[in-house]
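Peer 1: Here's a structure for you.
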Ligand code: ZN
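In my numbering, the protein residues as written are 1457 to 1608.
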């Protein structure tokens, strides 16, 4: 077993400006950029959002599929279908869609890169835009170093 000395934990925020009521925004390159800047080579990256009408998902960035996902969500949870929350906030469908999507994803980091399948992208899923949004990144792991502690 090889243990590395240099464990690092970093929290940072990505600012996202959405432009439509519902849309999928590919944030893979921003997340990967922050992982590279963290210098973490082996570890995990938690991608989360604190909003109740948005989500984080991983899937393929293909225009037709992105439309299919949004149409699918709209079909499952139509806007204005006599929800109770609409009496006070008029966005119950956005909350319900966000419940289906979930608010975080965790990815392994290997050799400084997000462990994503070749067709996978990370998306911020806006369900009640346009708004200014925040994505939280937590990068945990060992930073690149040649220095090793004693092997056991
Ligand atoms: Zn609401």
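Here a beta-carbon is modelled for each residue, glycine too, at the ideal position from N, C-alpha and C.
(1) Does the ligand ZN have even one heavy atom less than 7 Å from the beta-carbon of residue 1545?
(2) Rounded to whole angstroms, what is the Cα-Cα separation between residue 1578 and residue 1540?
(3) When you compare the stretch 1519-1538 with the stretch 1561-1573, are there three or more beta-carbon pairs, one atom per stretch, that lie closer than 8 Å?
(4) Have a look at the DSSP bridge pairing and note the partners of residue 1475.
(5) Are the CB atoms of residue 1479 and residue 1582 nearer to each other than 8 Å?
(6) From 1565, 1589, 1462 and 1561, pick the residue whose C-alpha is nearest to that of residue 1512; which is it?
(7) Report the residue from 1507, 1566, 1557 and 1477 whose alpha carbon sits nearest the alpha carbon of residue 1496.
(8) Can you give the Cα-Cα distance for residue 1588 and residue 1507, rounded to whole angstroms?
(9) Taking the alpha-carbon positions, what's the residue 1564 to residue 1466 distance?
(10) Which same chain residues end up closer than 6 Å to residue 1610 when comparing Cβ atoms and leaving out the 5 residues on each side of it in sequence?
(11) Report yes or no: is there a C-beta of chain D within less than 8 Å of the C-beta of residue 1560?
(12) Could you tell me which whole beta strand (DSSP E) segments of length 3 or greater appear in the stretch 1553-1587?
(13) Got a sec, what are the start and stop residues for the alpha helix (DSSP H) residue 1498 sits in?
(14) In the DSSP assignment, what residue or residues form a beta bridge with residue 1482?
(15) How would you call residue 1485, buried or exposed, if buried means at least 16 neighbouring beta carbons within 10 angstroms?
Peer 2: The relevant details are as follows:
(1) yes
(2) 32 Å
(3) no
(4) DSSP, once it has assigned bridges, lists no residue as partnering residue 1475.
(5) yes
(6) 1561
(7) 1566
(8) 11 Å
(9) 15 Å
(10) Summary: the structure shown does not reach residue 1610, with the chain confined to residues 1457 through 1608, and so no result is reported for it.
(11) The structure shown contains no chain D; it is built from a single protein chain.
(12) 1560-1566 and 1577-1582
(13) Residue 1498 -> not in any alpha helix (DSSP H); beta strand (DSSP E) instead, spanning 1496-1504.
(14) 1579
(15) exposed
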